[in-house]
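Right, one structure below, let's go through it.
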Amino acid sequence: MKVKRIVSEERMLLPELRDTLLSVEAARLESEEEMSYELRKSIEHANHLSKASSERARALVDELIKLEKMKEEIAYRIANLMPRTRDELRAIYAKERFNLTTEELDEILDLVMTHF
């Protein structure tokens, strides 16, 4: 499949993607269309990796963006990965030019655990 142009681009959380793919799957099954290999694998991947509902993930992003030293891109990455330890969180921040204190890491982890 060739992509001729990109019409629009927006950030999307993995749970939101899962919901969208499931609605596409339901529509295909209803119309008795065959699903492509890529679509089946995408649905399987999204189901396997989604760790929260789309509402909880969106609420987490909204709360994370309010924090100091939080970029929108990192908030989305945290909501998609749902890190459970400081080391996992440090890996997300590895490319940033600043380091988080232990208190800041714990604050983010507390937010993740409340939305898990």
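Residue numbers for the sequence shown follow our numbering, beginning at 6 and rising by one. Positions of the beta carbon are idealized from the N, C-alpha and C atoms, including for glycine.
About 5 Å separates the Cβ atoms of alanine 51 and leucine 22, confirming a contact at the 8 Å cut-off.
The beta carbon of glutamate 60 sits closer than 7 Å to no other beta carbon from its chain once the five residues preceding and following it are set aside. By the Cβ criterion, the region 85-99 is in contact with the region 109-120, since at least three pairs of Cβ atoms, one from each stretch, lie closer than 8 Å. In this structure the region 34-54 does not lie against the region 68-83, because fewer than three pairs of beta carbons, one per stretch, are closer than 8 Å. Contact between leucine 105 and lysine 74 is confirmed by a C-beta separation of about 7 Å, below the 8 Å threshold. With a threshold of 16 other beta carbon atoms within 10 Å, serine 55 meets it and is buried. Pairing glutamate 108 with alanine 31, the inter-Cα distance amounts to about 44 Å. Distance between leucine 26 and leucine 86, taken at the CA atoms: about 19 Å.
Annotated as distal: proline 20 and alanine 64, with beta-carbon spacing of 8 Å or more.
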